[in-house]
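Engineer: Its first residue numbered 0, the first sequence is counted upward by one per residue in numbering that gives the first Met the number 0. Glycine included, each C-beta is placed from N, C-alpha and C at the ideal position.
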Amino acid sequence: MTFFQRVWQSTAKIPQGRVTTYGDIARSIGTRDARRVGHALHANRNNQVPCHRVVFGDGSLAPGYAFGGPRVQKNKLLSEGVSFKSDGKVDLSQFFFHLGDFEQSKDIPD
DNA sequence: TTCCTGACTTTAC
DNA sequence: AGTAAAGCCAGGA
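#1: Please work out which residues of its chain come closer than 7 Å, Cβ to Cβ, to Ser85, disregarding the five sequence neighbours upstream and downstream, and give them in chain order.
#2: Helix, strand or coil for Val36 per DSSP?
#3: Could you tell me how far apart the beta carbons of Val18 and Val53 are, in whole angstroms, since I believe they sit closer than 8 Å?
#4: Please name the residue in Glu79, Ala25, Ala11 and Arg31 whose C-alpha comes closest to that of Cys50.
#5: Rank Glu79, Phe83, Gly87 and Ser92 by C-alpha distance to the C-alpha of Ile13 and give the top, closest one.
#6: To which residues does DSSP link Thr20 through a beta bridge?
#7: Going straight from the alpha carbon of Gln8 to that of Ser27, what length do you get?
So, in C-alpha cells, the structure goes:
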C-alpha cells in the first residue's frame, strides 16, 4: 500500500454530490502535505478514481491538469448535484465532505 | 543517491 | 482582497 493508494482510497470514499479538498484528504491519511495528494491524483488521472470530486481549499477546480479539462470536471460535479457559486467555485458550505481524522487503514484492505 | 518538481494550503505584507 | 513566500515529503530524472 503506497501513499498514493491511500489517497485514492480516501478519494473513492467521497459520495456523489459531495466534494472534498486536498488538505482534508491529506490530514485524513495522516499527513499535512496536500501537494502529494494532488500529485497522487495526477498520477492516477487516467484511472477510475473520482478525482473530479476533489477541489481546492477555496472550492475551485484544478486549473488545467484535469482528466480531460476543467470543463469536464465541472460538468461531472453538476451531474452529481453539486452546484457552483457565481465565481465558478463549489459551495463548500453545502457540499464539503469530511473524510475523518486520520482513520488510517481502517477500511482500507491490505 | 541527490536534486528538482509538484491537481496545495496557510500566513504574512 | 490580492500577491508572495514557506512548508510539506515522496516520485521521477
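Structural biologist: Answer, in terms of the structure:
#1: none
#2: helix
#3: 7 Å
#4: Of the candidates Glu79, Ala25, Ala11 and Arg31, Ala11 places its Cα closest to the Cα of Cys50.
#5: Glu79
#6: Under DSSP, Thr20 forms a beta bridge with Val54.
#7: 11 Å
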